[in-house]
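Asks: Numbering (the numbering used here), first residue to last: 116 to 445. Note that CB positions come from ideal geometry on N, CA and C, so glycine has one too.
1. Please tell me whether residue 339 and residue 318 are closer than 8 Å, where the distance is taken between their beta carbons.
2. Considering only C-alpha positions, which residue in the set 282, 246, 200 is nearest to residue 227?
3. Helix, strand or coil for residue 174? Go by DSSP, reduced to three states.
4. Go ahead and pull the three-state DSSP assignment for residue 127.
5. Give every residue of the same chain whose Cβ lies closer than 7 Å to the Cβ of residue 390, excluding the five residues on either side of it in the sequence, and list them in chain order.
6. Could you tell me the boundaries of the beta strand (DSSP E) in which residue 223 lies?
7. Name the DSSP bridge partner or partners of residue 290?
8. Under a Cβ-count criterion, where at least 16 other Cβ atoms within 10 Å of its own Cβ denotes burial, should residue 307 be classed as buried or exposed?
9. Mapping the DSSP letters down to three states, classify residue 197 as helix, strand or coil.
10. Please classify residue 265 as buried or exposed, where buried requires at least 16 neighbouring CB atoms within 10 angstroms.
11. Within the chosen definition, does the stretch 211 to 224 reach the stretch 174 to 194 through at least 3 CB pairs nearer than 8 Å?
12. Report all residues from its chain with a CB closer than 6 Å to the CB of residue 314; omit the five preceding and five following residues, and keep chain order.
13. According to DSSP, simplified to helix, strand and coil, what is residue 339?
14. To the nearest angstrom, how far is it from the Cα of residue 353 to the Cα of residue 124?
15. So, residue 346 versus residue 324, is the Cβ gap smaller than 8 Å?
16. Using the Cα positions of residue 214 and residue 320, report the straight-line distance between them to the nearest angstrom.
17. By DSSP, does residue 278 sit in helix, in strand, or in coil?
18. What's the C-alpha gap between residue 433 and residue 322?
19. Which same chain residues, not among the five before or five after residue 431, have their C-beta less than 8 Å away from its C-beta?
20. Where do the ends of the beta strand (DSSP E) carrying residue 309 lie?
21. Give the straight-line distance between the Cα atoms of residue 158 and residue 248, rounded to the nearest whole angstrom.
22. Could you tell me how far apart the beta carbons of residue 336 and residue 362 are, in whole angstroms, since I believe they sit closer than 8 Å?
23. Specify the secondary structure class of residue 269 as computed by DSSP and reduced to three states.
24. When you compare only the Cα positions, how much space is there between residue 165 and residue 435?
25. Between the C-alpha atoms of residue 122 and residue 190, what's the straight-line distance to the nearest angstrom?
26. Who are the Cβ neighbours of residue 334 in its own chain at under 8 Å, not counting the five residues just before and after it?
27. By DSSP, does residue 161 sit in helix, in strand, or in coil?
28. What are the complete alpha helix (DSSP H) segments, minimum 4 residues, inside the stretch 384 to 430?
29. Would you mind sorting residue 255 into buried or exposed? The rule is 16 or more other CB atoms within 10 Å of its CB.
30. Specify, as a first and last residue, the run of the alpha helix (DSSP H) that residue 239 falls within.
What follows is the structure, given as structure tokens:
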């Protein structure tokens, strides 16, 4: 009998008073900001930057640059299933959801869920499984089924009643471009997303998101200094309103300026041919404390936790479920 996976969704407001719960992933980027003696100032500065960037991009009918306010919620998706006659639950993913308040009209507009996507199973894949595959390899090796379980669980989540009842549109996951690839500016220009870049070869991350059913495009929004990678289902340019796209850009560009200032807070904008690097020194640090070293260390710990509590004890069940999961039509 095939195992049935269902989902439970909970939300937590992300504001200057946010404090990570015991069940929240420690490597979740917003949780990283919310620890330490400067936690409240970190959060306040982050949210202020998001709002300023939103109003900068949504400049029409906005003479004072303060018409809109962005509200954020942490969305936690728990995987629920039965194993050995016992009800089980595992934290599948966390993302940020955006709500947009129009102060001029009092209306609230839904944004796009998917910001700051994080996953325990992805920690397992990249911080445990991939290093193990390369421990004694003579050249970089990626397992043949790398990311397949994670990708199928993610797609199952998007197609679930729990997701469809709560969210009107499919997610957009916006992250940094890869430092291992070169990007080329195109002539395509979108009024909100900005100028489009392309690359000749997908990165490992691009392939990983592809197994999640997401395609990718790269855009450098107006006023930005580097392109962002947008992963999406459907049609990125036509499935979402301008305000929804601005909500994702303002949120994720702010976080990227904190996480990767060498790229997104650089003093010089990306040129026609662009190779991102973390080795440059012509950039500005943000006044927001973020510990990249700690995050990498915790990712390994959480990958091991996933192996010990989810993947290894339920391996046969997970393999059977993944093998029987229907492959979407091309």
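Replies: Walking through what the data contain:
1. Their beta carbons are not under 8 Å apart, which means residue 339 does not touch residue 318 by this criterion.
2. 282
3. coil
4. strand
5. 297
6. In the DSSP annotation of this structure, the continuous segment of the beta strand (DSSP E) that includes residue 223 starts and ends at 223 to 225.
7. 344
8. buried
9. strand
10. buried
11. yes
12. 296, 298
13. coil
14. 27 Å
15. yes
16. 28 Å
17. DSSP, read as helix, strand or coil, puts residue 278 in helix.
18. 21 Å
19. none
20. 309 to 314
21. 38 Å
22. Contact between residue 336 and residue 362 fails: their C-beta atoms lie close to 12 Å from each other, not under 8 Å.
23. Judged by DSSP in its simplified three-state form, residue 269 adopts helix.
24. 43 Å
25. 12 Å
26. 305, 308, 309, 310, 311, 312, 342, 343, 345
27. helix
28. 407 to 421
29. exposed
30. 235 to 239
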